[in-house]
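Accompanying notes for the structure given below.
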Amino acid sequence: MDDLRLAFVSAPDGSAFMAEILAAVADAVGRHGVETVAHSGYAEEVDDGRTAVVLVPHEYFVLNQPPSDPVLRRTIAFGVEHPGTNTFNVSAEASGRAAARFEISSASVAVMATLGHRAEHFQMGYSPVWDRWNRADAERPVDVVYLGTADPDRLATLAALAPELCDVHTELLIPPHEQMTKERPDFLMGQKKWELLARSRVLLNLHRESKTALEWVRTLEAICNGCVVLTESSTDLGLLVPGEHLLVASRARLGPVLRAALADSPRLSHIAATAHAFCQSELSMDASAARLIAVAEALVRNSPRRLSEPNQVQPVNTIPRQTHMAVWAPEVATLPNRNQPAADQNGRMLAALRRRHVGFKERFVSEHQTAGIDVICVDHPGAGPLSLTADGLREQGVATNLHVGGVGRTQVPQVGGLASYVTATPESAVGAVRNRLLKLGSAEYVLVVDSGDALTPESLDRMYEALIRAPKAVVAFPMAINGSDMLVNVFHPEAARLRRFAYLSRGYLVRRSWLADLDGFAADPVLETLVDHDFWLRTASRSGVSTHLRYIGVRLWPTDQSLMATADPIETDALLAKRAA
């Protein structure tokens, strides 16, 4: 059909990544001489009787009502998800409404058949749309890049890889699993994403949920930009050969393989060049694009034509759209559940704590306090060894004043670098101790940690430099390992998300002036386990600018929350809201 047109339709307010995938497919279709159009909106808006619609089902049918029946008869579902994830299940169900289906994973084609849906395999491959590799520029300053949404297994794996990631240049972009409609600190789009891959040596690829199939689009975007993919063991590799076009290792072996790869630049260069050439010559999307055109042509030929022009057609069956927010975050504390009031004994304990005397006594003050960064560190019951914190500070390139508050302690610890040490009564809340320590220093910048928290080498230097470079930013923070098995501080602060999850902890560098604006930390025992959450919630609610650094910079000592008082959830929730207002 000479007048055939394919419309690649992205759901209104849908993910930018889905639109980028469709754009690469549209480019392959267009090279066959077929007219294509990219449209963000409703399928009816491009329907003219000669147009076949291509859309990503798990987004379009979730964010909108399905198109009208005439449009559905010319609609092709383009599945980009993999078996083993909830989004694949949603995609499989939604695609059943379309007239035809394509899947980018051969494993998805097989599973779709068991569900009673015939789908064809669309072989993703090289795309000039993604390629930003300048062969004349050999510089790749980023050692490891990671581009993947957060889930518990992924974050646990990244935490286990900390020894390999802490001493190299990383760009870890870990957004929540939700529609990303615009660029964010943890999500890059288009040109910026591909340029980052062109500056990176290794892309680390981890599966989401229980899937095992290779993440084809992320892999191909890296290969097109000369970035070597290191993926955990994957099925559905197609024609890609491990060791020749990419690196494959079990999760347990990712660390040693990554370390060896980064130490062998010639091998990385060879794999990058080989994979790029192979994709250009052997992984073309042309054959799949031709098949997509043939299916579209048959659908249009066998479907009744509309008489109206596309710009005369109004959206039908639309539903109010809401921005989806992820239902999971790597929490560092538990927010109150209003539906489960605290036991009476907890309320009595808090009341008793509020009546008891909270006092401080300066046990040690250094005569020399000239550094530009004050470190305030609380040594409370359940905290780790102060020596870990002091040792980490010695590995930084900037000078610090270490101010320590010992809750219920009677002796000054024998660690170097102490500028001051204060003992506090056992009833003293962490926030109250921090406020007392703040008064002992005067540096422009304040690092907030607890005893046992350890900075990775040069982590503080990078936080400090980030605030110097961004004078409007009030706080800088890297990602952190909570204990030994989970990566936290991975999302940037957003007031709406912080009202649902306590996902940000200590290990941040903040301007003293901002702490003064906030009137310090929460000193009420009600917020004992949420003192850092309260800081982040108030910072986000008052539009404080934060700089989120894409590396693992702190190992947090896990806090034993069973040692903390538990307030009535209604009282706690009300107090947090009042302070954030």
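In terms of numbering that gives the first Met the number 0, the sequence shown opens at residue 0 and continues consecutively. Note that beta-carbon positions come from the ideal geometry of N, C-alpha and C, so glycine has one too. From a predicted model like this one, the values you see are computed outputs, not experimental measurements.
Taken in chain order, the complete beta strand (DSSP E) segments of 3 residues or longer contained in the region 40-110 are 50-54, 74-78 and 99-102. In this structure the region 266-282 touches the region 123-136; the number of beta carbon pairs closer than 8 Å is three or more. DSSP, read as helix, strand or coil, puts residue 528 in helix.
The three-state secondary structure of residue 467, taken from DSSP, is helix.
Under the criterion of beta carbons closer than 8 Å, residue 149 and residue 184 do not qualify as touching, at roughly 14 Å. Rounded to the nearest whole angstrom, the C-alpha separation of residue 236 and residue 36 is 31 Å. A Cβ-Cβ separation of about 6 Å places residue 357 in contact with residue 424 under the 8 Å criterion. For the options 430, 391, 398 and 386, the alpha carbon positioned closest to that of residue 412 is the one of 386. In the same chain as residue 98, and ignoring 5 residues on each side of it, the C-beta atoms closer than 6 Å to its own belong to 72, 74 and 298, in chain order. Following the DSSP letters along the chain, one finds residue 476 in no alpha helix (DSSP H) but inside the beta strand (DSSP E) bounded by residues 472-481.
Residue 430 counts as buried, since at least 16 other C-beta atoms from the protein chains shown sit within 10 angstroms of its C-beta. Taking 8 Å as the cut-off, the Cβ atoms of residue 373 and residue 442 count as close. Between the region 159-173 and the region 245-257 there are three or more C-beta pairs closer than 8 Å, enough to call the two in contact.
In the structure shown, residue 360 adopts extended strand secondary structure according to DSSP, grouped into three states. Counting the other Cβ atoms within 10 Å of the Cβ of residue 530 gives 16 or more, which makes it buried. Its chain contains 103, 104 and 123 as the residues whose beta carbon lies nearer than 7 Å to that of residue 215, once the 5 sequence neighbours on both sides are disregarded; these appear in chain order.
Residue environment analysis places residue 193 among the buried positions, since at least 16 neighbouring C-beta atoms fall within 10 angstroms of its C-beta. If you ignore the 5 residues before and after residue 85, its C-beta comes within less than 8 Å of the C-beta of 208, all in its own chain and listed in chain order. The residues 175, 176 and 177, in chain order, have a CB closer than 6 Å to that of residue 325 in the same chain once the five nearest residues on each side in sequence are set aside.
Taking a contact as a CB-CB distance under 8 Å, the pair residue 495 and residue 488 does not count as one, their CB atoms being some 18 Å apart.
Taking 8 Å as the upper bound for CB-CB distance, residue 292 and residue 33 are in contact here, some 5 Å apart. The region 453-466 and the region 541-561 touch, with no fewer than 3 CB-CB distances between them shorter than 8 Å. Considering only 4, 477 and 204, the residue with the shortest C-alpha distance to residue 250 is 204. Apart from the 5 residues on each side of it in sequence, residue 50 sits with its Cβ closer than 6 Å to the Cβ of 4 and 6 in its chain, given in chain order.
With respect to residue 432, residue 406 sits close: the two C-beta atoms are nearer than 8 Å.
Within the DSSP bridge table, the entry for residue 204 names 230 as partners. Beta-bridge partners assigned by DSSP to residue 510: 444. Residue 381 and residue 426 have their C-alpha atoms some 14 Å from each other. In its chain, beyond the 5 residues on either side, 6, 8, 36, 38, 52 and 309 have a beta carbon closer than 8 Å to the beta carbon of residue 45. Partner residues in the beta bridge of residue 241, as assigned by DSSP, are 245. At the C-beta level, residue 579 and residue 510 stay beyond 8 Å of one another. Under the three-state reduction of DSSP, residue 376 is assigned to strand. Rounded to the nearest angstrom, the Cβ distance from residue 155 to residue 334 is 22 Å, too far for a contact under 8 Å.
Burial of residue 91 is indicated by the presence of at least 16 other C-beta atoms within 10 angstroms of its C-beta.
Around the Cβ of residue 31, a 10 Å sphere holds fewer than 16 other Cβ atoms; the residue is exposed.
In the DSSP assignment, residue 553 falls within the beta strand (DSSP E) that extends over 544-555.
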